[in-house]
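Protein chains in written order, with my numbering: chain A, 10 to 598; chain B, 10 to 598. Ideal Cβ placement from N, Cα and C applies to all residues, glycine included.
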């Protein structure tokens, strides 16, 4: 592509709400533009990347034996009513009525539609297994779309659905998808982790997330440094590591109120009273709808709000406002405590281990000492704390570490949840009718475009891996000498003929502008022809991210680039093979 | 693909509402399934065809210098309000509100969105021309979706939009698209016509339709047998060829009512009274909303309802019900006439040429003779008749012929209609701000899948052209001998490695079932290995639609198939080159 003919509207400035590198760079590089909240259009470069990502996904899905289909984007309400999700999916579902008043939604996921397809078209065990997938634009009316393609409302997703005769066979289908996913993320050049995840919302029994590691990611994942354990923090089991108990005596005095003027943080109280924070009991008031609950964790722990929400059966819970805390506890924030509190009290199970605790006294500037859980207050004890770096791995007891990541893939064992509700059955070998056993598997294709930038960028711009770069080579003509233009035109045509995707910057711009744009767009290989090289018979070659140029004679340039591309592709396929082995080992599949 | 693993749910019976061959065969072959009215899902074979069609479209669009993007499917109302189409597009627009109450629609076309993109990103004449296209799922809430993929509500469309500095340059962009379209339809194997079309609804000044010729097509097109004139019947200009007038005397007697018992058709009256049908004046009552009009055409003409609707400013007009005709004319259907009729009367301009006419008398079983337009009744004279085969070409006066077709592509010169409304301007070379000059270009990608079947089928099933067949070869193993399976397995792997798309029917089915399914799916080339051939060292090769088998030695099979494919591809590209030349000549571009 000739740069002067291409629509590549690069920008110097981007809106202040773009804070993540991928969001900024996709806008600055002219890859995407915002049309409405959480709704973007893909300009030529962004669309090229998205198509290349989709192509890798497609190749690996086909390799795993899945078959590509396309289900509708506009879905009839009646199918969603069969599973009850027309109501339970909530405001994320974008609903509308057609000219006849029939109700529809824009598809956010396709379990209902594909289960309907399966119940009509799959009749016998001889037609099993089947795995059907599609790559499609979907819509979820997110309350807070953010970060460009990371969490949009309209997005491109690959969703696959497997159908098997029994649980045992369904595990094989699941295994094939986990392998395909590991290969996909490896081929796309990602540093990723496969983690155990919560599968509640999908109605299934087990699931894994594929997390792209990235400090700016909104998901926290917990992984063992020694064994293969890894889980989303929402599902993670980590054991507190307390060492020796700080309180050893068995007879605890009755609670005593003490003055703690202005000490309303754990650190302040701990220092003021000389009690380690692990022996403090933190009391937090949470609210949802018109309900509230007091939640206790140990002073050095935090509440996992996802676990809490699940425990109380709420979609989401929020910390109570200051006035609400005052109303419920009779004291300002920082002095709440469970003793004598008239409220429902949930406590993390590790609170039960506190022997001689400190809590707020429900009076301003006062705390209680010598509090003993069970004796001085009652509570429902549950797993409510957030796993921390340093916790003990539930499998091997070695230390866990918390990473941040972007959820890029999710695999679910659905079992017969949907097939039971929708009566999707098949005739078994014995002539008996049985529900299909299902799995579902998603990849956020457009999210991967952003995630790739999160893992591959520097202060100058993007750094595209070869397999998904919008073009592989950027060819720059530097200098006004017409002989240079003649030379680069020739190189451009030769590379085109050789099937090497090339962006050819033949614009009449200053060299500085061209180099800056080249760094911003971040194509893997840069080829520069300037006055000196043209006279000397060589181009300057540089890999994006490196600082050294290599002089490559013109007559060797095509072969040189072919070799660079071959090396990159070989590395990609080696990474896929390695990821396949590694994921099977880690997950024990 | 192994047939036994594939989702190809062929059917013997299809719903009665499937009457067009493509609709029936897409259902029977398991290519598509209906999800809701006008909403289909593409099963693996249907999706493969659709992707192959899209790929040809993409190649030719890229070749023409257009750049692929992807705009959103869910579009904000505010953009549609800027052009007024939020209101004027009517109930075809599927509208909804998001969780915050903001209004959106599912995109039926993207002039507004792309013009918004252009006004933000195109600033200077140096950035022109640009042509942006996308291949996308769209939705139009058609009042009467029908015929499967021919007129669905959800459909896949390629839409392109060109931006130029002035009308002269815009013509070059338009020309490039007409060439690309001609090449696309030729490469896809279509017999098609480029015809002049009405461009009213898009706000432009000129347009062409690309019509796939097909007797079951819902569009009528008119083409000259001698010159290059061709037009949609809605836009066609054809002159009646009357020969010598049948009435030569200049003094016409006053109208006389005559009994015509039970004679309520033109043929009946003509025969009964011995008057040629061209001298009868047909009176039809049309209604729309709460309005009605009497419409006159000569007895051997028909009303073009599109011309009529445009003349009265209605979206659509309908023939009045019998009771309504009785109420308005005082007589049953078949006896209406303009003389003494209290109604608005529109007459085709050729009615004015009738010298001694016959009309209904507005009484049961009575007609009037000796009716003279202008003397005996007044009317608004307009062009209202439908052009017929045999009319004279408006350019060369030679006979026209009426064909039926499926509209598969449409090109519009939009001019500055949208750029003026949306203030999409650029800075010209002289520093002046000017509106972008636009064109838009659509191809019904999913409709083409159906249109291909309309042109390529027989009583046994589909007959796919090589460029868009779901697979190129169907390989059949016939017979229970395990040696045959070993042989066909080997052939299958060899063809796969050679990159020849093969559907391998290794099912344990009777030969009759396999052959019937092969004919139904209609892959271009069939390769059969049976007992005799396996022993003799050859496979039976047959092109779909032919009746002769050819024995091809196993060791030559791959080369043989490669040659067949190469011949088909060469023919395709030759057809494209020829279509390119021919369309330029025909349209004088």
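- Under the three-pair Cβ rule at 8 Å, the stretch 439-452 of chain A does not count as touching the stretch 260-275 of chain A.
- In this model, residue 256/A and residue 286/A are separated by some 13 Å (Cα to Cα).
- Contact between the stretch 384-395 of chain A and the stretch 417-427 of chain A is absent, with fewer than three C-beta pairs closer than 8 Å.
- Residue ranges of uninterrupted alpha helix (DSSP H) with 4 or more members, entirely inside the stretch 300-349 of chain A and ordered along the chain, are 314-321, 331-338.
- When C-alpha distances from residue 310/B are compared across 400/B, 65/B, 465/B, 331/B, the shortest belongs to 400/B.
- Inter-residue distance for residue 376/B and residue 403/B is about 35 Å (C-alpha atoms, whole angstroms).
- At a cut-off of 8 Å between beta carbons, residue 272/B makes no contact with chain A.
- Taking 8 Å as the cut-off, the beta carbon of residue 156/B is found no closer than this to the beta carbon of residue 70/B.
- Residues of the stretch 290-309 of chain A with a Cβ closer than 7 Å to any Cβ of chain B: none.
- When C-alpha distances from residue 417/A are compared across 318/A, 190/A, 348/A, the shortest belongs to 190/A.
- For residue 485/B, the uninterrupted beta strand (DSSP E) segment begins and ends at 482-486.
- A distance below 6 Å between beta-carbons, with the five flanking residues on each side excluded, links residue 433/A to the following residues of its chain, in chain order: 124, 127, 128, 445.
- By the beta-carbon neighbour count (other beta carbons within 10 angstroms, threshold 16), residue 491/B is exposed.
- At least one beta carbon of chain A lies nearer than 8 Å to the beta carbon of residue 48/B.
- Between residue 306/B and residue 316/B a beta carbon distance of about 11 Å is seen, past the 8 Å cut, so the two are scored as non-contacting.
- Shortest Cα-Cα distance from residue 531/A to any of 54/A, 176/A, 11/A involves 54/A.
- Looking at 218/B, 451/B, 328/B, the one whose alpha-carbon comes closest to that of residue 297/B is 328/B.
- By the Cβ neighbour-count rule, residue 38/B is buried, with 16 or more other Cβ atoms within 10 Å of its own.
- Going by beta carbons, residue 205/B and residue 407/B fall outside the 8 Å limit.
- By the criterion of a C-beta distance shorter than 8 Å, residue 163/A is surrounded in its chain by 47, 48, 49, 146, 147, 148, once the five residues flanking it on both sides are discounted.
- No Cβ of chain A is located within less than 8 Å of the beta carbon of residue 458/B.
- Among the residues facing chain A, residue 203/B is not included, as its CB has no counterpart in that chain under 8 Å away.
- Contact of residue 511/A with chain B is not assigned, every C-beta pair being separated by 8 Å or more.
- Within the stretch 458-478 of chain A, no residue places its CB atom closer than 7 Å to a CB of chain B.
- In this chain, the beta strand (DSSP E) harbouring residue 390/B covers 389-391.
- In chain order, 16, 52, 53 make up the part of chain A whose C-beta sits under 9 Å from the C-beta of residue 141/B.
- The three-state reading of DSSP puts residue 108/B in coil, since its state is none of H, G, I, E or B.
- When 9 Å is used as the limit between beta carbons, residue 56/A is near these residues of chain B: 76, 77, 78, 79, 143, in chain order.
- For the stretch 437-512 of chain B, the continuous alpha helix (DSSP H) assignments of 4+ residues that do not extend past its boundaries occur at 454-464, 491-506, in sequence order.
- When C-beta distances to chain B are compared with 9 Å, every residue of the stretch 333-344 of chain A stays at or above that value.
- Counting along the chain, the unbroken beta strand (DSSP E) around residue 560/A starts and ends at 559-562.
- By alpha-carbon distance to residue 451/B, the top candidate from 239/B, 171/B, 466/B, 358/B is 171/B.
- If one requires a minimum length of 4 residues, the alpha helix (DSSP H) runs lying completely within the stretch 159-220 of chain B are 176-196, in chain order.
- Under the DSSP assignment, residue 429/B falls in the alpha helix (DSSP H) whose first and last residues are 426-430.
- Assignment of beta strand (DSSP E) within the stretch 75-140 of chain B, counting only whole runs of 3 or more residues, yields 83-85, 103-106, 112-115 in chain order.
- Of the residues 76/A, 354/A, 331/A, the one whose Cα lies closest to the Cα of residue 343/A is 331/A.
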